[in-house]
Amino acid sequence: MRTRAITAGLISALALTLAACSSEEEPTAADKSSQAPSISAEDKAKAREAAGLPAEPSAEARKAFLDALNAIDARIIKPGKDDQAVSRGLNQCSSVKSSPDDTEGLAKSALGRFTIDTRFPEISTQETGKKIVDAVRKHLCPDF
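Taking my numbering, I'd label the letters of the sequence shown as residues 79 to 222.
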């Protein structure tokens with residue numbers, strides 16, 4: 079008798095759990111229409127500008143930037159992480175825009191942003207940082 083009560087209790091708990099899991103329904107057309115609309119390219123560009131970021135680089139500018147980083151030191155770009163390097167370069171543009179004349183500060187922030195200061199202390203110098211900032215300015219945000 080006691081076993082039946084325990085079994086019945088477990089079955090009831092399992093049924094409630096399954097009912098809760100299956101209560102998630104697909105959104106209806108009305109639900110979908112109430113969701114936020116997708117962001118237009120124009121709105122994305124405005125948001126990037128407001129954040130101090132330049133537009134996405136052209137394929138040519140992107141390649142030139144990656145080539146410039148490789149010319150400084152081939153280890154700066156982590157293997158298979160070209161997108162990450164470009165993203166970090168675009169973020170560096172924000173620093174360039176906010177402090178365009180702070181050469182030493184920009185060099186230091188570039189070394190940190192590209193994790194050179196922790197990964198490659200032997201090349202973590204102001205000279206390396208300045209070269210990265212020069213590549214950023216030349217290829218990703220020449221108007222900053």
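Heads up, the beta-carbon is just placed ideally off N, CA and C, and yes, glycines get one too. Keep in mind that this is a model prediction, so the values were computed, not measured.
Put simply, the region 201-219 touches the region 169-185. At least three CB pairs are less than 8 Å apart. Pairing Phe198 with Ile154 gives a Cβ-Cβ distance under 9 Å. With fewer than 16 other Cβ atoms from the protein chains shown falling within 10 Å of its own Cβ, Pro220 counts as exposed. Taking the Cα positions, Glu138 is about 26 Å away from Ile117. In chain order, Gln170, Val174, Thr181, Leu184, Ala185 and Ala188 place their CB closer than 8 Å to the CB of Val211, counting only its own chain and leaving out the 5 sequence neighbours on each side. The beta carbon of Ala129 lies closer than 8 Å to those of Ser172 in the same chain, with the five residues before and after it left out. Straight-line spacing of the CA atoms in Ala152 and Ser177 works out to 27 Å. Between Pro132 and Arg126, the C-beta spacing is below 9 Å. Rounded to whole angstroms, the separation of the alpha carbons of Asp179 and Ala149 is 24 Å.
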